[in-house]
Amino acid sequence: MKQTTIKNIVIVGGGTSGWMTAAMLSRLFNTQLNITLIESDAIGTIGVGEATIPPLQIFNSVLGIKESDFINATQATYKLGIEFENWYQQGDAYMHAFGNVGRDLGFTSFHHYWLCAQAAHNADSNTQYNPADFWRYSINYQAAKHNKFQPIATIPNAQMSGITHAYHFDASLYATMLQQYCSQRSVKRLEGKIDNTILDSSGNIASVILQSGQTIAGDLFIDCSGFSALLIEQALGVDYENWQHWLPCDSAYAVPCESTHPLLPYTKATAHDAGWQWRIPLQHRTGNGIVYSSQYMSDAQAKQQLLDNLDGTPLAEPRKINFTTGRRVKQWHKNCIAIGLSSGFLEPLESTSLHLVQSAIIRLTKLFPHHGIQSQQVDEFNRQSQTEFEQIRDFIILHYHLNAKQTQPDNRGLWQHCRDMSIPESLQQKIDLFSQTANVFRHQDELFTEAAWIQVMLGQGITPADFHPLAVAVEPAALQDYLGNISKVINTTVANMPEHSAFIKAL
Ligand SMILES: Cc1cc2nc3c(=O)[nH]c(=O)nc-3n(C[C@H](O)[C@H](O)[C@H](O)COP(=O)(O)OP(=O)(O)OC[C@H]3O[C@@H](n4cnc5c(N)ncnc54)[C@H](O)[C@@H]3O)c2cc1C
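Quick note on my numbering: the sequence shown kicks off at 951 and runs consecutively.
Printed below as a string of structure tokens:
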């Protein structure tokens, strides 16, 4: 086997993305690479990023971190989904619950049978189509709304499989945990501010120079420097594709408050006049933040709105964060790979940022340039990153675009803008297909499942005009039995689960 020529890895940044990258590279390539991580205490980290989606479980498990250790070290709670309040219209609520809803029959997805049953019921009883009924068939939703949690595999005699969970956790405690993990695997940590980046004659990064004058050379540089994008943008000049015309929120205030009871196993995202507010329940506090468009709301208004809508006493002064939604045109350029906020930011609505960090790290390990950087590797990495960013972008735009919120008196406002804006063709196709046929298809390795798309499209007010003909083939009485049985099994299973907080205490 050929010798490794890429040996010295320099990670710039010690936020969650820097430490996640260092942890995974040291876990997989510990003996083959020399890894140095540089962070600046004076600059600090962004200090938000507390809600995740289910794949983080896999990341921790590859690192060999036990779930109970992770939960205890990071004051984490379980997350079964995100509840969207006031998104379609004021007073509405629906959930993007993780995992499946109902049970598919053969090639036909469950929701076609549910739509068929709704149509039959409405015809019989002259009642309205009731989208909220869909969540009776989601174990995650039912457990979430009853503040329960337990992995199904550990419930004796459970008659069903699967509850899909993610976590809410304290990001700074997670970074500390990963830092300790890395120190046991000979990752070298340097503290100091980088003042200068030196390029070689071919435009690759040769070294970075700290304020102290120390020079750190490397073969491959990972830019985890956050929004400053110190290497990929400031040194290498790679452009940023701005998506604010689709995702206009550009500002946030974040503030922790005292935790409240019961301990909810889900995130809340509540829409307001010019954006939305998050509530992330942790064991020791609740993380809160308001996300808004500065075009439609002033900083002072946003700060006040956030403080007026906390569930507990604030534990700090609200902290302002500015951002521009979009993505880095090339996430890998020359010998530099941007991971984390330096590579792009959509917005925190579906808690996808840390997932994008995780998937970039996995992509890097799969395409690792042991024997020197090849353009094919770089192109493939960039192609996959682009597809992933665009698919997640579409899913987030969906929440904003399909709203029926009251028009502001002057016919302006964020919601009106989002309703009127033209959307990416890829998203329009998905909406049209679902509206006409109730079909939704997951493309290749797309992150969000069919169940996720269906829940958000129903929640955002689409009533499909049709459903699959195979659903009609089931006798109406048999269909009612089928649905009733699923709902009964879910209710019995949830009734046997402990309270979320009790489950965590017992860990
Ligand atoms: C409002 C908001 C809410 C969010 N909520 C979520 C969420 O719920 N879920 C989720 O998954 N993600 C969320 N995110 C994203 C999440 O916060 C980030 O993806 C995550 O924290 C990773 O950030 P980072 O490590 O890339 O950058 P940072 O945390 O900013 O770290 C940058 C690092 O680079 C270092 N650095 C910078 N310049 C220099 C220099 N010149 N010299 C030396 N070191 C330097 C800094 O010291 C720091 O260590 C949110 C983001 C925002 C803005």
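Beta carbons are placed, not taken as given, at the ideal position from N, Cα and C, and that holds for glycine.
No experiment lies behind these values; they were computed from the predicted model shown.
With fewer than 16 neighbouring CB atoms inside 10 Å of its own CB, L1457 falls in the exposed class.
Taking the Cβ atoms as the reference, Y1091 lies roughly 11 Å from S1437, outside the contact range of under 8 Å. Within the same chain, and ignoring the five residues on either side of Y1242 in sequence, the residues whose Cβ sits closer than 7 Å to its Cβ are C1199, S1201, A1224, G1225, A1252. Excluding its 5 nearest sequence neighbours in each direction, N1050 has C-beta neighbours in its own chain below 6 Å: A1401, listed in chain order. A direct Cα-Cα distance of roughly 12 Å separates L975 from A1310.
Contact check for F1453 against F1009 fails: the beta carbons are separated by 7 Å or more.
Annotation: L1186 to G1153 spans about 8 Å, alpha carbon to alpha carbon. The beta strand (DSSP E) runs of length 3 or more contained entirely in the region 1151–1223 are, from start to end of the chain, 1155–1160, 1165–1167, 1170–1173, 1190–1192, 1201–1207, 1217–1222. Set against 6 Å, the gap from the CB of S1243 to the closest heavy atom of ligand 1 is not smaller.
Under the three-state reduction of DSSP, N1050 is assigned to coil, being neither helix nor strand. Around the Cβ of N1259, a 10 Å sphere holds fewer than 16 other Cβ atoms; the residue is exposed. Not a single heavy atom of ligand 1 lies less than 6 Å from the C-beta of K1218.
Separation of N1192 and R1277 (C-alpha to C-alpha, rounded to the nearest whole angstrom) is 7 Å. Fully contained in the region 1348–1402 are the following alpha helix (DSSP H) runs of length 4 or more, in chain order: 1364–1370, 1375–1387.
By the Cβ neighbour-count rule, Y1124 is buried, with 16 or more other Cβ atoms within 10 Å of its own. With respect to the C-alpha of W1037, the residue from Y1190, A1219, R1333 having the closest C-alpha is A1219. Rounded to the nearest angstrom, the Cβ distance from I1182 to I1159 is 17 Å, too far for a contact under 8 Å. For the pair G1168 and N980, the CB atoms are not nearer than the 7 Å cut-off. Here D1416 is not near L1232, since their CB atoms are 7 Å or more apart. No alpha helix (DSSP H) of 4 residues or more sits fully in the region 1252–1291.
In this chain, the alpha helix (DSSP H) harbouring P1426 covers 1426–1445. Here E1000 has H1118, F1119, D1120, A1121, I1230, L1232, G1237 as same chain residues with Cβ atoms under 8 Å from its own Cβ, once five neighbours each way along the sequence are excluded.
Shortest Cα-Cα distance from L1128 to any of G1163, Y1063, S1303, R977 involves R977.
Distances between the C-beta of T1165 and the heavy atoms of ligand 1 are all 6 Å or more. Nearest neighbour of T1274 by Cα position, chosen from Y1190, Q1356, D1261, turns out to be Y1190. By the Cβ neighbour-count rule, K1016 is exposed, with fewer than 16 other Cβ atoms within 10 Å of its own.
Straight-line spacing of the CA atoms in M1407 and L1348 works out to 8 Å. At least one heavy atom of ligand 1 sits closer than 6 Å to the Cβ of A1001. Secondary structure of R1333 (DSSP, three-state): helix.
Excluding sequence positions up to five before and after H1283, its CB lies within less than 7 Å of the CB of I1182, L1186, V1188, all in the same chain and listed in chain order.
Excluding the 5 residues flanking it on each side, S1175 has same chain C-beta neighbours closer than 6 Å at V962, G963, S1292, in chain order. Note: Y1087 is not bridge-paired with any residue in the DSSP secondary-structure output. By the beta-carbon neighbour count (other beta carbons within 10 angstroms, threshold 16), K1280 is buried. DSSP places A1026 in the coil class of the three-state scheme, outside both helix and strand. Residue state for N1072 is assigned as helix, using DSSP reduced to three classes. For V998, the CB falls within less than 6 Å of some heavy atom of ligand 1.
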